[in-house]
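The block underneath contains the structure these notes are about, expressed in structure tokens.
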Amino acid sequence: MDWLRRRRRNPQSVVPQRGFDITPMDRPESEPPPPPEQVTPGDLLAARFAASPDALAFAVAVRARAGSNPPVHQAPDGAYWVIVDHAQPEEPELARAMGGAAFRPDRADVVSASGRRVPWAALRAWPEVSWVRLATGIAPGPTGGAQREYRVVTTGSIARWVMERYLGADVTITIAPARLSALFRETSSWPAVLLRVSGSDQPVPPAFVHALTGLPHTVVCRAGHERLLIDHRLKLPLADEELAQWVPAEERWLLSGELGAWRFDRVGEESEPSLRLSAELLPPPVPMPRNVQLDLKVEIRLVSDHRPKPACALLLTDDELIRVRGFLSGHAAGDRAFLVLGAGVHLLALSGEESVGLPFGIPLNRLGPGGLYVESGYRLYPEPPTPALSTLFKLDGKSLVVVCPGSTYRFSTRHTVPVWALWLGDTVPAAAESLSPAAREILDRVDAVRPETTAPELAKEPVTSHVTRLRTEGFLLEQQGRLADAARKYWEAGDPELAARLYELAAEVEQ
Amino acid sequence: MTEGRLHLLDRAALCYEQAGLPLKAARCRERAGEPAAAARLYRAAGDLTQAARCYERAGDTAQAAQCLLSLGRPEEAANLWLAARNPLEAAWILVVDARRPRRARDLLAEVNPTRLGVVLRRRIALALCAAAEGSVQPLVDALVETERRLADVSPTSERARVERWAVQAADEVGRPDLAAQVFAASYRCGQRGVVERWRAWAVSALGGTAGIPDAEEGR
Numbered sequence: 000m001d002w003l004r005r006r007r008r009n010p011q012s013v014v015p016q017r018g019f020d021i022t023p024m025d026r027p028e029s030e031p032p033p034p035p036e037q038v039t040p041g042d043l044l045a046a047r048f049a050a051s052p053d054a055l056a057f058a059v060a061v062r063a064r065a066g067s068n069p070p071v072h073q074a075p076d077g078a079y080w081v082i083v084d085h086a087q088p089e090e091p092e093l094a095r096a097m098g099g100a101a102f103r104p105d106r107a108d109v110v111s112a113s114g115r116r117v118p119w120a121a122l123r124a125w126p127e128v129s130w131v132r133l134a135t136g137i138a139p140g141p142t143g144g145a146q147r148e149y150r151v152v153t154t155g156s157i158a159r160w161v162m163e164r165y166l167g168a169d170v171t172i173t174i175a176p177a178r179l180s181a182l183f184r185e186t187s188s189w190p191a192v193l194l195r196v197s198g199s200d201q202p203v204p205p206a207f208v209h210a211l212t213g214l215p216h217t218v219v220c221r222a223g224h225e226r227l228l229i230d231h232r233l234k235l236p237l238a239d240e241e242l243a244q245w246v247p248a249e250e251r252w253l254l255s256g257e258l259g260a261w262r263f264d265r266v267g268e269e270s271e272p273s274l275r276l277s278a279e280l281l282p283p284p285v286p287m288p289r290n291v292q293l294d295l296k297v298e299i300r301l302v303s304d305h306r307p308k309p310a311c312a313l314l315l316t317d318d319e320l321i322r323v324r325g326f327l328s329g330h331a332a333g334d335r336a337f338l339v340l341g342a343g344v345h346l347l348a349l350s351g352e353e354s355v356g357l358p359f360g361i362p363l364n365r366l367g368p369g370g371l372y373v374e375s376g377y378r379l380y381p382e383p384p385t386p387a388l389s390t391l392f393k394l395d396g397k398s399l400v401v402v403c404p405g406s407t408y409r410f411s412t413r414h415t416v417p418v419w420a421l422w423l424g425d426t427v428p429a430a431a432e433s434l435s436p437a438a439r440e441i442l443d444r445v446d447a448v449r450p451e452t453t454a455p456e457l458a459k460e461p462v463t464s465h466v467t468r469l470r471t472e473g474f475l476l477e478q479q480g481r482l483a484d485a486a487r488k489y490w491e492a493g494d495p496e497l498a499a500r501l502y503e504l505a506a507e508v509e510q
Numbered sequence: 000m001t002e003g004r005l006h007l008l009d010r011a012a013l014c015y016e017q018a019g020l021p022l023k024a025a026r027c028r029e030r031a032g033e034p035a036a037a038a039r040l041y042r043a044a045g046d047l048t049q050a051a052r053c054y055e056r057a058g059d060t061a062q063a064a065q066c067l068l069s070l071g072r073p074e075e076a077a078n079l080w081l082a083a084r085n086p087l088e089a090a091w092i093l094v095v096d097a098r099r100p101r102r103a104r105d106l107l108a109e110v111n112p113t114r115l116g117v118v119l120r121r122r123i124a125l126a127l128c129a130a131a132e133g134s135v136q137p138l139v140d141a142l143v144e145t146e147r148r149l150a151d152v153s154p155t156s157e158r159a160r161v162e163r164w165a166v167q168a169a170d171e172v173g174r175p176d177l178a179a180q181v182f183a184a185s186y187r188c189g190q191r192g193v194v195e196r197w198r199a200w201a202v203s204a205l206g207g208t209a210g211i212p213d214a215e216e217g218r
């Protein structure tokens, strides 16, 4: 508030901190009132004004010279008397220029140039008036320039209109309930609302001020002193904050152009009006969060594929495993076929995405780079992008997912065995939990074949098991979509053709 | 095409070759944008049609034409040379392999050679056209001149072409004596590899190599 202090020309001179109806501080109570018969001081000037603004202007002018507030009394006839102690010779002229009449002392009276006499004692007995009351007589001028903030005292309905009209105009509006009572006249109460209207970065639009000014029961105040709200159209002869000194502490006044002066009896908490759309613009009811997600997601489903590709894997039941044995035991691709054992259903796939020409089981096609199979004759619609597949089906590189109409299966790649384990076993490490009895039997048989009790003199690990391990690793890598790595394994396993096929497939994916 | 894909295709081709599957290797090479390598593999696999196509894609007209000639499709080979703006070679194939001297002569009329090797080859080709129509003498004259001026032909690759055409023309008209003189001239020029060619020719044309130098002595 530096500017306030700068504008305050003489801070010590602005005295009254208490109500106007209390003896002003510049007249200490200890000083005894002069006796009526006492002769009026010789250099006294009593200026009578019919209009309060003139009296105020004169009082302000005198204060600037004298350094203290001259008292202003109101006569029973309504006139205002400004008493100037130790008046300068030119000040009677100033009083006349400002529309007043100068009274000079004459024994126990003051007397005007026209000879009108007023007893000095009576004059001093008239009630002293607050300068705020003097200011209520000032006629409002035109609306001033744009300001950053305004306070508006108005009725509820006008406040409603203001908020509806101007909420979108980049102004911030807060609202507080207020009850006011009139000052300096018969008591009347005014229930109102107090708005604080502030532009966020720029001044409040002038159109706003123009629109509100002059509305009934509405006062648009400039943002000045918190304890005294002043109609923004009022041009005062003294600074706002100096006038605000006349407001008693703990009180809050309103000085309006046409409506007089009011005291705020109560001001409620400020709050921002809530936004509410009209009935025509009401948004649809907010769905539950769960529903939102469902609504936003595109449902991917299985649809018929009219361009089926040859199957590259089979979904087999326990019974069909036995029949596979008969078919594959003499099959050339026997060493490239692998079984991923599951609970009741099993996946048979060939390395290198070769087509499996077996007359039973559910044919499957691979989808995407790794780990996902869809029943032949079906495809996902809408077709999800390849990176989305692993998220959608939670492909973790350790399991295979098979999607059929009506059912999905997940296989753990730990349960992968070469298909020839169906008819003869070798070392196949696999944990057998949650497997069907048929699958467990195969694993058991594989384990039983493993010569664990004998300590062979020959090579610890037969060549075939090394190759089998490489092939199995390659198969698993392939299932994960790591085709180039799988190709390397197959090459190490001594199958350059299969390796080449995988490299080719990898190159296709890379495209 | 990405670097990674080229690398993968390269690996695939190598593995296929290792597996003894040149056709599949060739397919990989072709997809990797290596038509020359693909053509060699196709030729090794015996698929000359694909080899010719790949050689053509690789811009190797001579090899492509060779493949087509091996397939007994000289007209297409000649067309390849024409497409490669080499009417002299096209005409040579037309007269020697396709037996179409008139068309060959039309093409040779367009050739206006400046270099000696091309001049000689054009003359041999024209003479062979005449021989195909019954007049052998121009070819005899052409081959005699070729023998006389072969040493002036440069570079040696062009000289080898002239030698090959002259021998082929002599064989066409059944005059091994003229062919032998051309070989002798080439030998005198110190043409590289002439002895092997001479002896191989002599074995098939004469049934023996008597009188032919054993090696390129002193060179």
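So the protein sequences, as listed, match chains Y and H.
Heads up, the final residue of the first sequence is numbered 510 in numbering that gives the first Met the number 0, and it's a clean run with no missing numbers.
Heads up, the final residue of the second sequence is numbered 218 in numbering that gives the first Met the number 0, and it's a clean run with no missing numbers.
Note that the Cβ used here is the ideal one computed from N, Cα and C, for glycine as well.
Hey, would you say residue 161/H sits closer than 8 Å to residue 116/H, going by beta carbons? yes
Continuous alpha helix (DSSP H) stretch holding residue 390/Y: start and end: 385-391
Does the region 304-324 of chain Y come close enough to the region 338-345 of chain Y that 3 or more CB-CB pairs lie under 8 Å? yes
In this structure, does DSSP put residue 10/H in helix, strand or coil? helix
Please state the DSSP three-state secondary structure of residue 83/H. coil
With a 10 Å radius around its C-beta and 16 neighbouring C-beta atoms as the bar for buried, classify residue 321/Y as buried or exposed. exposed
Mind reading off the beta-carbon distance from residue 209/Y to residue 125/Y? Whole number of angstroms is fine, and I expect it under 8 Å. Incorrect: roughly 41 Å between the Cβ atoms, too far for contact.
Pull up the CB-CB distance for residue 79/H and residue 55/H, whole angstroms please, since I reckon it's below 8 Å. 6 Å
Starting from residue 209/Y, trace the alpha helix (DSSP H) both ways and give me its first and last residue. 205-211
Considering only C-alpha positions, which residue in the set 396/Y, 375/Y, 381/Y, 386/Y is nearest to residue 403/Y? 375/Y
Can you tell which of 93/H, 154/H, 1/H, 114/H has its C-alpha closest to the C-alpha of residue 75/H? 93/H
Give me, in chain order, the residues of the same chain whose beta-carbon lies closer than 8 Å to that of residue 196/Y; leave out the 5 immediate sequence neighbours on both sides. 148, 149, 150, 151, 161, 165, 170, 171, 172, 203, 207
On the criterion of 16 or more Cβ atoms from any shown chain inside 10 Å, does residue 68/Y qualify as buried, or is it exposed? buried
Determine, for residue 203/H, whether the minimum Cβ-Cβ distance to residues of chain Y falls below 8 Å. no
Out of curiosity, what's the CA-to-CA distance linking residue 489/Y and residue 385/Y? 25 Å
Please return the same chain residues whose Cβ sits closer than 8 Å to the Cβ of residue 293/Y, not counting the five positions on each side in sequence. Note that residue 293/Y scores 43 on pLDDT, short of 50, meaning its location in the model is unreliable; the coordinates nonetheless yield the value given after this. Cβ neighbours of residue 293/Y beyond the five flanking positions: none.
Am I right that residue 126/H and residue 141/H are in contact with their C-beta atoms under 8 Å? What's the rounded C-beta distance? 4 Å
Other residues of its chain near residue 57/H: CB distance less than 7 Å, five sequence neighbours each side excluded: 34, 35, 38
Compare the Cα-Cα distances from residue 237/H to each of 201/H, 16/H, 44/H and report the closest residue. Absent from the model: residue 237/H. The displayed extent of chain H is 0 to 218, so no value can be given.
Look up residue 27/Y in the DSSP assignment and say whether it is helix, strand or coil. In this predicted model, residue 27/Y has a pLDDT of only 48, less than 50, meaning its place in the structure is not dependable; the value taken from the coordinates is given anyway. Correct three-state label for residue 27/Y: coil.
Would residue 20/H count as contacting chain Y if we go by Cβ distances under 8 Å? yes
Beta strand (DSSP E) runs wholly inside the region 304-380 of chain Y, at least 3 long, in chain order: 312-316, 336-339, 344-349, 361-365, 371-374, 377-380
How long is the line joining the alpha carbons of residue 497/Y and residue 11/H, rounded to whole angstroms? 9 Å
Which residues in chain Y have a C-beta closer than 7 Å to the C-beta of residue 7/H? List them in chain order. 483, 502, 505, 506, 509
Compare the C-alpha of residue 146/Y against each of 219/Y, 345/Y, 419/Y, 305/Y and name the closest. 219/Y
Going by beta-carbon coordinates alone, are residue 118/Y and residue 107/Y separated by less than 8 Å? yes
Taking 8 Å as the limit between beta carbons, can you name the residues of its chain near residue 153/Y, skipping five residues before and five after? 161, 191, 192, 194, 211, 214, 216, 217, 218
Using the DSSP secondary-structure output, state which residues sit across from residue 417/Y in a beta bridge. 337/Y
Between residue 51/H and the rest of its own chain, which residues show a CB-CB distance below 6 Å, the 5 nearest in sequence each way excluded? 63, 66, 67
Less than 8 Å between CB atoms is the rule here; does residue 496/Y satisfy it with respect to chain H? yes
Straight-line CA distance for residue 351/Y to residue 344/Y? 22 Å
Does residue 292/Y have its Cβ less than 8 Å from a Cβ in chain H? With a pLDDT of 45 at residue 292/Y, under the threshold of 50, the modelled position of this residue cannot be trusted; read the value that follows with caution. Not closer than 8 Å to any Cβ of chain H, the Cβ of residue 292/Y fails to qualify, so no.
When 70/H, 114/H, 100/H, 107/H are compared against residue 134/H, the one with the closest alpha-carbon: 100/H
Pick helix, strand or coil for residue 465/Y, following the three-state DSSP scheme. helix
What would DSSP say about residue 171/Y, mapped onto helix, strand or coil? strand
At 9 Å on the CB atoms, spell out the chain H contacts of residue 419/Y, in chain order. What residue 419/Y touches in chain H: nothing, since even the nearest Cβ is about 22 Å away.
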